[in-house]
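Residue numbering for the sequence shown follows the numbering used here, starting at 10 and increasing by one per position. Encoded as structure tokens, the structure appears first; notes follow it.
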Amino acid sequence: MDYITFRTKLFEYLNVQNDTPNDKIYFKVENSRYKDNELLVFDNEEIEKLFLSLSDYKQEENYFLESSTSFELFLTSSNEGIPFRSYYPAIELEDNTSNINYCISEISDASTLYLLYKRIEEMVDSDYDILMYFKDMDFRKRRFGRLEQVEFEQDKSYESFLRYISNRIIPYNSSLKIISNEPKTIDDFKQYKDSFIFTYIYSQHRPIVEAENLNKISDERRFIWGSPFEMEAPKRSYDSFIIEYYRQASESSDPFIQFISYYHILEYFFDEIFNKKLIDDLINKITHPDFSYRNESKIKELAEFSHKRLKGFGEDGQGNELESLKFVLKEYVRPIELRERLIELKQDPDYYQNNKVSFSNGPGVSFGDENGIYTTLAKRIYFTRNSLIHSKSNRASQTYRVNIHKDILKNEIPLLEAVSELVILSSSKIL
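Here's what the structure looks like:
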């Protein structure tokens, strides 16, 4: 499809009459719902330039690649109660070390044109499989004013035609744009994307929701009002697997889902840290001056140590989750940092010392007990996790019942959030 055909079909699609080959075509929006005398300009030179670059564009999943140095992730809202188009504040961040720029703003003109092109292509070629993204992207179904061509007036202000179309019919209004000074692979861009998402959620205490498809652009969730925007470009790379759990927790309003999502972050490290701890302890014992392979009692002592540590565990280290959880906490979480993060999350740390988890019998946690805190913290988390997961008649008193215990569980979420954030940060790598 050449540019002239595309433009002709686009105007047909928008129910616009135009036979003028001018460089710029001006329109008035009749009966606009948004403002009086809404005026638009269709810049042929600008749009044709974008059109001629279509072969360089690539769209997969929920992201758009304008080039090997530009990545654009479509975003959506997770709250029907907040106007979608005001959901994300504009952001511009620059990472001078990695030469990466991050921006949240309206979707680009390039992606707008690409989405329009795919919609027009489906209309021109009936055999073309329409993508799910564009299933409901039909201007003719939208209740907006008709476009009427008008003459240019010097004293009038004209909005970009593409921007108008984007705001009216494109299913996504905002996007995260990642620009690199050097060519990057898709996997590189996805890693930068995950780093930004974690940094955004961590600093703003509000979700950032990746678009999936046109039929799934919102869900029910409360909106978390963040503090005045203060954020720097990501400086670390994070495991995309656990960032998915972190994002899932931030998007949900259900404390059950939040708790389990945060717990999965901790659980992810059980095998790795268990094996590391076992090997480190064995090395310390066999390299100690008191140890000798000629001393049978020392060999027996070493064997008993290994047997005790491995008891109940499989070859992959799975078995005693409580012990594994404690190892993970010791590896990644410092009590003073945990206390500080709870305060940042506006949660009183003393709550966890003064209050047990009634339905799980999770013990209180003293932040002043640097040695004992890992045992009590692990028990509080693990016992509560068991109450959420298991339902046994002989332990009904320690089973989570949503109608009774939901508010109590909500108080545990800041603790799990802070712990999982410290684990994510401590296990990350410098970009």
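The beta-carbon is built from N, C-alpha and C at its ideal position, and this holds for glycine as well.
_On the DSSP letters alone, give me the boundaries of the alpha helix (DSSP H) that LYS202 sits inside._
By 1-based counting over the sequence shown, the position of residue 202 is 193. For LYS202, the enclosing alpha helix (DSSP H) covers residues 195-213.
*asked:* By the DSSP assignment, the beta strand (DSSP E) with TYR254 in it spans what residues?
replied: For the purposes of this step, residue 254 is taken as the residue at position 245 of the sequence shown. Element bounds for TYR254: not the beta strand (DSSP E) but the alpha helix (DSSP H), 249-260.
*Please list the segments of the alpha helix (DSSP H) lying wholly inside the stretch 289-326, counting only runs of 4 or more residues, in order along the chain.*
305-319
*Cα-Cα separation between ARG348 and ILE187, rounded to whole angstroms*: In the sequence shown, counting from the first residue as 1, residue 348 sits at position 339. In the sequence shown, counting from the first residue as 1, residue 187 sits at position 178. Whole-angstrom Cα-Cα distance: 34 Å.
*Roughly how many angstroms lie between the CA atoms of ILE91 and TYR97, to the nearest whole one?*
The sequence position of residue 91 within the sequence shown is 82, counting from 1. The sequence position of residue 97 within the sequence shown is 88, counting from 1. The predicted model places ILE91 with a pLDDT of 48, which falls under 50 and marks its position as unreliable; any figure quoted below should be read in that light. Answer to the nearest angstrom: the Cα atoms are 10 Å apart.
*Quick one: measure Cβ to Cβ for GLU421 and VAL366, integer angstroms, because I've assumed they're closer than 8 Å.*
Stepping through the sequence shown from its first residue, residue 421 is reached at position 412. Stepping through the sequence shown from its first residue, residue 366 is reached at position 357. Confirmed, about 6 Å.
*Determine the DSSP secondary structure at GLU430, reduced to helix, strand or coil.*
The residue labelled residue 430 in the question sits at position 421 within the sequence shown. Of the three classes helix, strand and coil, the one that applies to GLU430 here is helix, per DSSP.
*Is the beta carbon of ILE15 less than 9 Å from the beta carbon of ILE34?*
As a first step, residue 15 is located in the sequence shown; it is residue number 6 there, counting from the start. As a first step, residue 34 is located in the sequence shown; it is residue number 25 there, counting from the start. At residue 15 the sequence reads Phe, which differs from the Ile that was named. Contact flag unset, no.
_Within a Cβ cutoff of 8 Å, which residues of the same chain sit near ASP65, ignoring the five residues on either side of it in sequence?_
In the sequence shown, the residue the question calls residue 65 occupies position 56. Cβ neighbours of ASP65 beyond the five flanking positions: GLU75 and SER76.
*Can you give me the Cβ contacts of LYS339 inside the same chain, cut-off strictly under 7 Å, excluding the 5 residues immediately before and after it?*
The residue labelled residue 339 in the question sits at position 330 within the sequence shown. TYR383.
*Rank LEU48, GLU81 and VAL428 by C-alpha distance to the C-alpha of GLN163 and give the top, closest one.*
Within the sequence shown, the letter at position 154 stands for residue 163. Checked all of LEU48, GLU81 and VAL428; the closest Cα to GLN163 is LEU48.
*Considering only residues of the same chain and omitting the five flanking positions on each side of SER249, which have a CB-CB separation below 8 Å?*
In the sequence shown, the residue the question calls residue 249 occupies position 240. Closer than 8 Å at the Cβ level, and outside the excluded window around SER249, lie LYS199, GLN200 and ASP203.
*Within its chain, find whatever has a CB closer than 8 Å to the CB of ASN363; leave out the 5 residues flanking it on each side and keep chain order.*
Mapped onto the sequence shown, residue 363 falls at position 354. Cβ within range, chain order: GLY373.
*Is the beta carbon of LEU311 sitting closer than 9 Å to the one on LEU291?*
Here residue 311 refers to the residue found at position 302 of the sequence shown. Here residue 291 refers to the residue found at position 282 of the sequence shown. Contact flag set, yes.
*asked:* Are the CB atoms of LEU61 and ILE6 within a distance shorter than 9 Å?
replied: In the structure as shown, the chain starts at 10 and stops at 440, and residue 6 therefore has no counterpart that could be examined.
_Chain-order list of residues whose beta-carbon lies under 7 Å from that of LEU397 (same chain, five-residue window excluded)_ = Numbered from its first residue, the sequence shown carries residue 397 at position 388. Result list for LEU397: PHE265, PHE268, ILE269 and TYR409, in chain order.
*From GLU346 to LEU59, what distance separates their C-alpha atoms?*
Start at 1 with the first residue of the sequence shown, and residue 346 comes out as number 337. Start at 1 with the first residue of the sequence shown, and residue 59 comes out as number 50. Whole-angstrom Cα-Cα distance: 49 Å.
*Closest to PHE54 by CA distance: which of ASN284, ASP32 and SER400 is it?*
Sequence index remark: in the sequence shown, residue 54 carries index 45 (1-based). Before going further, note that residue 54 is Glu rather than Phe in the sequence given. Cα-wise, what sits closest to GLU54 is ASP32.
*Integer-rounded CB distance, given that PRO216 should sit under 8 Å from GLU260*: The residue labelled residue 260 in the question sits at position 251 within the sequence shown. The residue labelled residue 216 in the question sits at position 207 within the sequence shown. Their Cβ separation, rounded to whole angstroms, is 5 Å, which keeps GLU260 and PRO216 in contact under 8 Å.
*Start and end residues, beta strand (DSSP E) containing GLU276*: Reading the sequence shown from its first residue, position 267 is the one you call residue 276. Careful: GLU276 lies outside any beta strand (DSSP E), inside the alpha helix (DSSP H) at 264-276.
*ILE109, DSSP secondary structure in three states*: For the purposes of this step, residue 109 is taken as residue 100 along the sequence shown, with counting starting at 1. Strand.
*Does the Cβ-Cβ distance between ASN108 and SER169 come in under 9 Å?*
Taking the first residue of the sequence shown as 1, we reach residue 108 at position 99. Taking the first residue of the sequence shown as 1, we reach residue 169 at position 160. For ASN108 and SER169, no; Cβs fall outside 9 Å.
_So if DSSP puts LEU49 in a beta bridge, which residue, or which two residues, is it bridged to?_
Residue numbering aside, residue 49 sits at position 40 when the sequence shown is read from its first letter. DSSP lists PHE36 and GLU168 as partners of LEU49.
_Tell me the residue span of the beta strand (DSSP E) that contains LYS186._
As a working mapping, residue 186 is identified with position 177 in the sequence shown. Segment 183-189, the beta strand (DSSP E) holding LYS186.
*Bridge partners of ARG245, per DSSP?*
In the sequence shown, residue 245 corresponds to position 236, counting from 1. DSSP, once it has assigned bridges, lists ILE439 as partnering ARG245.
*May I have the straight-line CA-CA distance separating ILE252 from PHE336, to the nearest angstrom?*
The sequence position of residue 252 within the sequence shown is 243, counting from 1. The sequence position of residue 336 within the sequence shown is 327, counting from 1. Just so you know, the alpha carbons of ILE252 and PHE336 end up roughly 21 Å apart.
*Provide the residue span of the beta strand (DSSP E) that contains THR85, from first to last.*
Taking the sequence shown and counting its residues from 1, one reaches residue 85 at position 76. Counting along the chain, the beta strand (DSSP E) containing THR85 begins and ends at 79-85.
*Tell whether a beta-carbon distance below 9 Å holds between THR393 and LEU354.*
For this step, residue 393 is matched to residue 384 along the sequence shown. For this step, residue 354 is matched to residue 345 along the sequence shown. Taking 9 Å as the Cβ cut-off, THR393 and LEU354 do not qualify as a contacting pair.
*So GLU330 is in the alpha helix (DSSP H); what residue range does that whole segment cover?*
Numbered from 1 along the sequence shown, position 321 holds the residue referred to as residue 330. Start and end: 330-341.
*Proximity below 9 Å, CB of SER117 to CB of GLU69*: Walking along the sequence shown from the start, residue 117 turns up at place 108. Walking along the sequence shown from the start, residue 69 turns up at place 60. No, these two residues do not count as a Cβ contact at 9 Å.
*List the whole-angstrom C-beta distance separating ILE274 from TYR254, where the pair is believed to meet the contact cut-off of C-beta under 8 Å.*
Working through the sequence shown from its first residue, we reach residue 274 at position 265. Working through the sequence shown from its first residue, we reach residue 254 at position 245. Going by Cβ atoms, the distance from ILE274 to TYR254 rounds to 5 Å, so yes, they are a contact pair.
_What would DSSP say about PHE283, mapped onto helix, strand or coil?_
If you number the sequence shown from 1, residue 283 lands on position 274. The answer is helix: DSSP assigns PHE283 an H, G or I state.
*Apart from the five residues on each side of it in sequence, which residues of its chain come closer than 6 Å, Cβ to Cβ, to LYS67?*
Here residue 67 refers to the residue found at position 58 when the sequence shown is read from its first residue. Excluding residues within five positions, the ones whose Cβ falls inside 6 Å are LEU74.
*To which residues of the same chain is ILE308 closer than 8 Å at the C-beta, ignoring the five residues directly before and after it?*
Counted from its first residue, the sequence shown places residue 308 at position 299. So the list reads TYR302, once near-sequence residues are dropped.
*When we look at the beta-carbon of ARG350 and count the other beta-carbons within 10 Å, is it buried (16 or more) or exposed?*
Translated into the one-based positions of the sequence shown, residue 350 becomes position 341. Burial call: buried.
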